[in-house]
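Below is one structure, written out as structure tokens; comments come after it.
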Amino acid sequence: MYLIIFICTCLILLTILSICAQQLHELQASVLAYGKLNLHNNKKPATQWADHLSKWTVPKHYFSHFYVIGLMTAVLSIVELISLSSFSKSFFIMQLLDQYDTRIGTHHVSRQQCVVGLSLLTLHLMRRVYESFWVEKPSKTATMHVSHYLTGVGFYGAMVIGTWLEGVSNVESCRAQDSYVNMISLSAITLFLYASYHQYRCHAILSLLRQSKDQASSYFIPRGDWFEMLVTPHYFADILIYLSLNILYRFQNYILICGLIWTIVNLSVVSGETQLWYQTHFSAEKLHQAFPHGRKRIIPGLY
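This is how it looks when you write it as structure tokens:
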């Protein structure tokens, strides 16, 4: 299926661009930083084109759009799977794909994996929508580059469709496949719930650092839960969530494999920028107190 190739290619290119943005000063100064990193960004573009590029920003609280649009895509996907499995009829998405694409490469993921994977990602998006509107307190003045916005919208839409696209022909089939919950699926679901719980706790800790949205321009060093061992534990939880989905699919879902690689690389780059921001904006004494010896950026014991 051409759409599978297109999504995987886009994710690989985004991974390469993320690495380039970290290494090239002009991209680092104009595109990479967002949120508090951009609000207090001391890296200024040295060329006119980069300076012009840096002005293409949107409010950082538009992050919520990622999850709202992703959740809408998930609802549409659920309707699609119900239509295919119960009535053997294509709905909106598959009608378009059947008209302009092929079914090649849509048989190697089971129906159970599609249903469970889509259900887990839908739960993740529901939680993130809740957190975006009722837990997090983003700064009113914080921004992100428009490229971040477009990438985020595309990424979550692609991940939702990726949970079932590579097994859609099996969803439509009447044959029963993997009707029982095996140990691999159970392990994946357990890891997903474990990571989701800690990500929620970390987001709650970050929100409690700010008493109100009006005071959201002030920043403190977070403590508690996974913050005791990582600078950006909520990013580590994100990695575990996508790792759990890949375990569910036994690393046979190409879109989710590429999504995991992109998540690891992109969030590792941002975690490095976050640690540098802490080192720049807090005294050495405060950092020593809040950053215990051995505290890593994003992956315990490694990085």
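Mapping of the sequence shown onto mature numbering (1 follows the signal peptide of the UniProt record, and there is no 0): residues -21 to -1, 1 to 282, in sequence order. Note that beta-carbon positions come from the ideal geometry of N, C-alpha and C, so glycine has one too. This structure is a prediction, so every number in the text was calculated from the model and none was measured.
What residue range does the beta strand (DSSP E) around MET123 cover? By 1-based counting over the sequence shown, the position of residue 123 is 144. In the DSSP assignment, MET123 falls within the unbroken beta strand (DSSP E) covering 122 to 124.
Residues of its chain near CYS93, where Cβ-Cβ distance is below 8 Å and the 5 sequence neighbours each way are ignored: Locating residue 93 in the sequence shown gives position 114, where the first residue counts as 1. Counting only Cβ-Cβ distances below 8 Å, and skipping sequence neighbours, we find LEU60, THR142, TRP143, GLY146, VAL147, ASN149, VAL150.
VAL139 and LEU172 look like a contact to me (Cβ under 8 Å); what is the Cβ gap, rounded to whole Å? Walking along the sequence shown from the start, residue 139 turns up at place 160. Walking along the sequence shown from the start, residue 172 turns up at place 193. About 19 Å separates the beta carbons of VAL139 and LEU172, which is beyond the 8 Å limit, so they are not a contact pair.
According to DSSP, is VAL210 helix, strand or coil? Counted from its first residue, the sequence shown places residue 210 at position 231. In the displayed model, VAL210 falls within coil according to three-state DSSP, outside both helix and strand.
Using the Cβ count rule (16 or more neighbours within 10 Å means buried), how would you classify ALA263? Translated into the one-based positions of the sequence shown, residue 263 becomes position 284. The residue in question, ALA263, is exposed, as its Cβ has fewer than 16 Cβ neighbours within 10 Å.
Anyone know if the C-beta pair for ILE240 and ILE(-15) falls short of 8 Å? Stepping through the sequence shown from its first residue, residue 240 is reached at position 261. Stepping through the sequence shown from its first residue, residue -15 is reached at position 7. For ILE240 and ILE(-15), no; Cβs fall outside 8 Å.
Cβ atoms of SER43 and VAL95: under 8 Å apart, would you say? The residue you call residue 95 lines up with position 116 of the sequence shown. The residue you call residue 43 lines up with position 64 of the sequence shown. No, the pair does not count as a contact, with Cβ atoms beyond the cut-off.
Classification of PHE66 by the beta-carbon crowding that lies within 10 angstroms, buried from 16 upward: As a working mapping, residue 66 is identified with position 87 in the sequence shown. Exposed: under 16 other Cβ atoms inside 10 Å.
From SER152, VAL249, THR253, LEU222, residue whose alpha carbon lies closest to that of VAL88: Walking along the sequence shown from the start, residue 88 turns up at place 109. If we check each option's Cα against that of VAL88, SER152 comes out closest.
Spatial neighbours of ALA195 within its chain, please: C-beta separation below 7 Å, excluding the five flanking residues on both sides. Here the question's residue 195 lines up with position 216 in the sequence shown. Bear in mind that the predicted position of ALA195 carries a pLDDT of just 47, short of 50, making it too unreliable to give a figure here.
Could you pull out every residue in the same chain whose Cβ sits closer than 6 Å to the Cβ of PHE70, ignoring the five residues on either side in sequence? Here residue 70 is taken as the residue at index 91 of the sequence shown, counted from 1. If we look at PHE70 and ignore the five residues flanking it on each side, its Cβ neighbours are VAL58, GLU59, SER62.
Reduced DSSP category for VAL114 - H, G, I as helix; E, B as strand; rest coil: Against the sequence shown, residue 114 aligns to sequence position 135. DSSP places VAL114 outside both helix and strand once states are collapsed to three, so it counts as coil.
Output the distance between the C-alpha atoms of MET162 and LEU102, rounded to the nearest integer angstrom. Against the sequence shown, residue 162 aligns to sequence position 183. Against the sequence shown, residue 102 aligns to sequence position 123. Between MET162 and LEU102, the C-alpha separation is close to 21 Å.
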